[in-house]
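The numbering of the sequence shown is this note's numbering, which starts it at 53 and goes up by one.
All C-beta atoms, glycine included, are put in the ideal place defined by N, C-alpha and C.
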Amino acid sequence: MTDHIKTTSQRGPGGMTLFTLFALVAILVMGFFLHQRLSDLEASGSESAPPVLIVDYDQVFASFPSNATDEQMEALIINLNQRIIGLQQAGYLVLSADAVLGAPNALRVSTDYLLSEEGGDE
Numbered sequence: 053m054t055d056h057i058k059t060t061s062q063r064g065p066g067g068m069t070l071f072t073l074f075a076l077v078a079i080l081v082m083g084f085f086l087h088q089r090l091s092d093l094e095a096s097g098s099e100s101a102p103p104v105l106i107v108d109y110d111q112v113f114a115s116f117p118s119n120a121t122d123e124q125m126e127a128l129i130i131n132l133n134q135r136i137i138g139l140q141q142a143g144y145l146v147l148s149a150d151a152v153l154g155a156p157n158a159l160r161v162s163t164d165y166l167l168s169e170e171g172g173d174e
């Protein structure tokens, strides 16, 4: 019997090792760009979303005096509209409670504020 001596030559890293290194680098690069994109979205989203306020018209109209004349009712409605426009001009997004399915009570504009005739902050 003849002994065969196997000689092994030095090769570079195996295919699986190269694939693993490439995949690791690709994941790190994608993670970096994903993090950058999410950071940009969070920064732009917080600047562009206006604060929200909710007006419950049913509650406001229920607070109108029951013995008010047509002229008084018209004046109350004009004042209400001016208050809402003032909130809009102050940068608020004003929604009707009828259009909102759920929201914290802290977002509701008080009826006293909406019916007051003097200017001022909420």
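query, result
"Cβ neighbour criterion (16 or more within 10 Å) applied to Leu166", "buried"
"Neighbour-count burial assignment, Ile106, 16 or more Cβ in a 10 Å radius", "buried"
"Extent of the continuous beta strand (DSSP E) to which Val112 belongs", "Here Val112 belongs to no beta strand (DSSP E); instead the alpha helix (DSSP H) covers Tyr109 to Ala114."
"Val161 to Ser118 span [Cα, whole Å]", "22 Å"
"Counterpart residues of Ser148 in DSSP-defined beta bridges", "Val107"
"Leu145 vs Val104 beta-carbon contact at 8 Å", "yes"
"Unbroken alpha helix (DSSP H) run spanning Glu123, endpoints", "Asp122 to Gln141"
"C-beta atoms of Ala158 and Asp108 nearer than 8 Å", "no"
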